[in-house]
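Data block below; observations after.
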Amino acid sequence: MATTHPSHGFLAEPPPSPEVQALFDGDVADHGFVMNLTRVWAHAPSAKVALFALLGDLAQQARLTFRQRGVLISATAGTIGDAYCSLAWGNRLATAAGDDVAQTVLRGDDDGLDAVDAALAGWAGTIARDPNATTAADLEPLRRAGFDDRQIFAITAFVALRRAFSTVNDALGALPDRQLRDEAPAGVDAAVSFGRPAADEAF
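Have a look at this one:
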């Protein structure tokens, strides 16, 4: 296997295949570049495809809006100190809900959040931080925000799988793409002061 650029992580470049190329082409179509994390997951393309299909199914079951997905992922990533997903989804959340909401969620605060955003961010933070510390009472903000038990299950599984996704990316050394840091609004850029640094250059 060929050696890899340090920003792509600790693994060598995967051998080319139609499945690997499909992942890369998908990134270029969606983002305009191949993400560093995708080069890590290219060692098991079917796993990334299956994971994101499951995440999509859970988001649909929970009837999550794009903003709500952004709150859940940003709160999860911020809680575990994952700069990659914090930048990627902090930027998206800032576009959907405003820079103030994005930086508040990333920092683990709830000041100024509406009841739905606060309930989602709080539950995501609790799961990501210490799932063994949860109590039945922790579900009440979600119920007051209008989520039923089926949705709460889907939300919980969604957060758990996003945490696993971040764990793989971080453990195998994928650096946040330079483009994500360069595009970050001021509040998101300031809030993401943890985790691996962004790559020095864009690819």
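Residues in the sequence shown are numbered consecutively from 62, following my numbering. We put the CB at the ideal spot given by N, CA and C, even for glycine. Every value quoted in this text rests on a predicted model; they were computed, and no experiment measured them.
If you ignore the 5 residues before and after Asp-243, its C-beta comes within less than 7 Å of no other C-beta in its own chain. Here DSSP, grouped into helix, strand and coil, assigns Gly-248 to helix. Of the candidates Val-177, Asp-178, Arg-128, Arg-128 places its Cα closest to the Cα of Ala-157. Taking C-beta atoms as the reference points, Phe-214 and Val-95 fail to come closer than 9 Å.
Per DSSP, the unbroken alpha helix (DSSP H) holding Gly-183 starts and ends at 176 to 190.
When C-alpha distances from Leu-98 are compared across Pro-79, Ala-114, Pro-75, the shortest belongs to Pro-75. Under the three-pair Cβ rule at 8 Å, the segment 165 to 174 does not count as touching the segment 208 to 226. Per the C-alpha coordinates, the member of Ile-216, Pro-246, Gly-256 positioned closest to Asn-152 is Pro-246. If you ignore the 5 residues before and after Glu-80, its C-beta comes within less than 6 Å of the C-beta of Pro-106, all in its own chain and listed in chain order.
Excluding the 5 residues flanking it on each side, Glu-262 has same chain C-beta neighbours closer than 7 Å at Arg-239, in chain order. In the structure shown, the three-state DSSP call for Phe-214 is helix. Inter-residue distance for Val-177 and Leu-72 is about 40 Å (C-alpha atoms, whole angstroms). For Ala-144, same chain residues with a beta-carbon under 7 Å away, outside a window of 5 residues either side, are Pro-237, Val-253, Phe-255, Gly-256, Arg-257 in chain order. Look at Asp-171 here: in three-state DSSP terms it is coil, with no helix or strand label.
The distance from the Cβ of Ala-235 to that of Gly-70 is about 4 Å, consistent with a contact at the 8 Å cut-off. Ser-147: member of the alpha helix (DSSP H) spanning 144 to 158, first to last residue. Following the DSSP letters along the chain, one finds Pro-79 inside the alpha helix (DSSP H) bounded by residues 79 to 92. Remark: C-beta atoms of Val-166 and Ala-149 do not approach each other more closely than 9 Å. Taking the C-beta atoms as reference points, Arg-100 is found no nearer than 9 Å to Ile-141. In the same chain as Leu-133, and ignoring 5 residues on each side of it, the C-beta atoms closer than 6 Å to its own belong to Leu-181, Ala-185, Val-220, in chain order. For the segment 107 to 141, not one full-length beta strand (DSSP E) segment reaches 3 residues or more. CA-CA distance, Asp-209 to Ile-216, rounds to 10 Å.
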